[in-house]
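See structure below.
Structure representation (structure tokens):
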């Protein structure tokens, strides 16, 4: 019995290896021959730590593919691989897209760490990649083949510092999550911008860090209360944010509390309840104030597609949609499926009207966006306050 | 007479087998067969084999239930990352807090940094092992698990050296597979030699019964620390190779869950079997990639089968593991090593003698 079973398992392994090989031959034949399909790889975390965000982004990309299924008269096929929010897995997933599936371009990934890990492989293979929501500057830094559709943490930090100043804040306290590149990056850029704008080194009265999975912020907040800042900036995840907000209000801290794009999540309002009223956050996109024509059609179309699955359109879905359109647009202008040609076409993108604003690329390959949306919470809803333009 | 002939025969078979494997790697390395994808998966499997064998030395051969492997790998990985990234690239990486002048201008060759990483891991293992190795079974597991988390948090907070949560990128890549496979072969040979030496016999004696071992005159403490430190050294080497293969490190990579990958491999391969561990490393790493087609959506007769979606391969993988653990209680190899006799018996249908020792899955 044992012997039979193990032989059987071996057989399965061997057979599946062979099926893998035959598949590969087919695809390589396709790439060389007269194929009528253009393959775009999508690598996203569909399971693991960032699975939720990855799926939202993927939905946006899939919807874009549904809306614009063709380029150069050929059908676009999305090849989707899961990177399990894990770096080792991410590098094999991307290599697989490039070597086995022979994709012409890659979109992804949610989470900067996996994108950075994939960066060198993409660079060496000369296949252009378009990140949707990876905001860490290191993703595109020194990598001419990696682009991204979102704005960066430095920009977002600057936007919030600007906004705080406009509201008359003279001093600020910053709370960051130790061990989280997003939170630490954004917090530091806010500090730099705020100091620069106020011209006062002492304008940041307190900088505190908390650990992952901390739930009690009373020590940090009591300390901040004693320093009495005009505003608190606390970039953090959607699970931590409501805890900070609730505990701050419970301690009697009255000043505005601000956060980054991760706060635009119904969970924040659900958990923080009435305390969430008046929090301020910046985000990529607002469905009530479409920035471009493309955005208007996207909002109505995607709302119908979601059919009430989610109360608001997730910003990452809009970014995924934009990333797809940018790649498709570049392939069209390049007129070929050659990696370098597409890369040059992406770099030459001029005033592209996406859902999240007008997009140009900087030399580093980052979207040179000039708008960010500021939102607040009123009566248990995210409400649009302002679209800020920073130059 | 017969016996000698048979031995020579086996030697010949071994030589042929080794030549075949070497030839495959050479062909892969020269880009004659396979592609980057295959190479990357195999490199990853080789690294996993190094770390798993080192973990098996501690857990399977010395009987210390240690779960600190991720922490030791982090030490090796960060040593390679900090010392091999080109000096001119560092300013761009450390864009929030500049790198401490202590290490900012030191750039070491890859192999020096790799060995240094292993030695640092071993040193830390000795320091941590002295108090912790007085604990037994579950308590030791908890203490080492906690230790690997401490390492990770220390690295998160040493911002001027490790760049904290932002991680380090641009770690130089190795041009050939031989770096990974060479390291694997050397590590495995060294550990096999160690296990067959008098030290190795002492380790096994401690595993079977430490009171009896002590009564026989084995210095328990010395041998436990030795095994722990050597295990940590090779885990550090594995971590350094991983950093070079991925080209980037950050503290989140080294969560304690990473150790479970290696625990899975040694339980699957057989606690106390080196060849089993190496085989299991390759089966698990390659198997996970082979199963990827379960993640794609499958359309049968125009109907999309709903269970074929992202994450499904992990379900299949778990089911296969359960089958293996149910029918091979001691892992693929138990405490035995792969031999020609075993392969022959398997195909001739001879029952191998029942393994009565307790070993295997805990």
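Chains as they are written, first to last, in the working numbering: chain A, 19 to 409; chain B, 54 to 415.
We put the beta carbon where it would ideally sit given N, CA and C, even for glycine.
Residues of the region 372-395 of chain A with a C-beta less than 7 Å from any C-beta of chain B: none at all. Neighbourhood of residue 202 (chain A) in chain B, by CB distance below 8 Å: 149, 217, 218, 219, in chain order. Comparing C-alpha distances from residue 149 (chain A) to each of A:79, A:117, A:85, A:201 shows the shortest one belongs to A:79. At a cut-off of 7 Å between beta carbons, residue 88 (chain B) contacts chain A. Between residue 384 (chain B) and residue 323 (chain B), the gap from beta carbon to beta carbon is short of 7 Å. In the structure shown, the three-state DSSP call for residue 202 (chain A) is helix. In this structure, DSSP gives residue 300 (chain A) an extended state, which the three-state scheme calls strand. Bridge pairing for residue 254 (chain A): absent [DSSP].
Legend: CB atoms of the region 56-67 of chain A lying less than 7 Å from CB atoms of chain B belong to residues 64, 65.
For residue 117 (chain A), the nearest CB of chain B lies under 7 Å from its own CB, placing it at the interface with that chain. Contact of residue 120 (chain A) with chain B is not assigned, every C-beta pair being separated by 7 Å or more. Assignment of residue 170 (chain A) by DSSP, reduced to helix, strand and coil, places it in the coil class. Chain order gives the chain B residues near residue 197 (chain A) as 206, 209, 217, 218, 304, 305, where near means a beta carbon separation below 8 Å. Within 10 angstroms of the beta-carbon of residue 167 (chain B) lie 16 or more other beta-carbons, which makes it buried. Residues of chain B with a Cβ closer than 7 Å to the Cβ of residue 321 (chain A) do not exist; the shortest Cβ-Cβ separation is about 24 Å.
For residue 348 (chain B), at least one C-beta of chain A is nearer than 7 Å to its own C-beta.
In the three-state DSSP reduction, residue 271 (chain A) falls in the coil class, being neither helix nor strand.
A distance below 6 Å between beta-carbons, with the five flanking residues on each side excluded, links residue 338 (chain A) to the following residues of its chain, in chain order: 75, 78, 79, 150. Look at residue 160 (chain B) here: in three-state DSSP terms it is coil, with no helix or strand label. Annotation: Cβ neighbours of residue 226 (chain B) in chain A (cutoff 7 Å, chain order): 138.
Rounded to whole angstroms, the separation of the alpha carbons of residue 203 (chain A) and residue 213 (chain B) is 15 Å.
Chain-order list of chain B residues neighbouring residue 206 (chain A): 149, by C-beta distance under 8 Å.
At least one beta carbon of chain A lies nearer than 7 Å to the beta carbon of residue 301 (chain B). Approximately 7 Å separates the beta-carbon atoms of residue 120 (chain A) and residue 57 (chain A); this is inside 8 Å, confirming the contact.
Across the region 123-147 of chain B, CB contacts with chain A closer than 9 Å involve 142, 145, 146, in sequence order along the chain. The three-state secondary structure of residue 367 (chain B), taken from DSSP, is helix. Using beta-carbon distances, residue 323 (chain B) does not count as an interface residue toward chain A, since no partner is under 7 Å.
Assignment of residue 391 (chain A) by DSSP, reduced to helix, strand and coil, places it in the strand class. With contacts defined by Cβ atoms closer than 7 Å, residue 128 (chain B) and residue 173 (chain B) form a contacting pair.
Secondary structure in the region 168-254 of chain B: the alpha helix (DSSP H) runs of 4 residues or longer, each lying completely within the stretch, are 190-210, 212-215, 231-248 in chain order. Residue-level contact by beta carbon fails for residue 170 (chain B) and chain A, as no gap is shorter than 7 Å. DSSP, reduced to helix, strand and coil, places residue 385 (chain A) within a strand of the structure shown. Put simply, of A:167, A:392, A:216 the residue whose alpha carbon is nearest the alpha carbon of residue 305 (chain A) is A:392. It is roughly 20 Å from the alpha-carbon of residue 85 (chain A) to the alpha-carbon of residue 377 (chain A). When rounded, the separation of the alpha-carbon atoms in residue 341 (chain A) and residue 254 (chain A) is 25 Å. Counting C-beta pairs closer than 8 Å gives three or more between the region 283-299 of chain B and the region 173-192 of chain B, which meets the contact rule.
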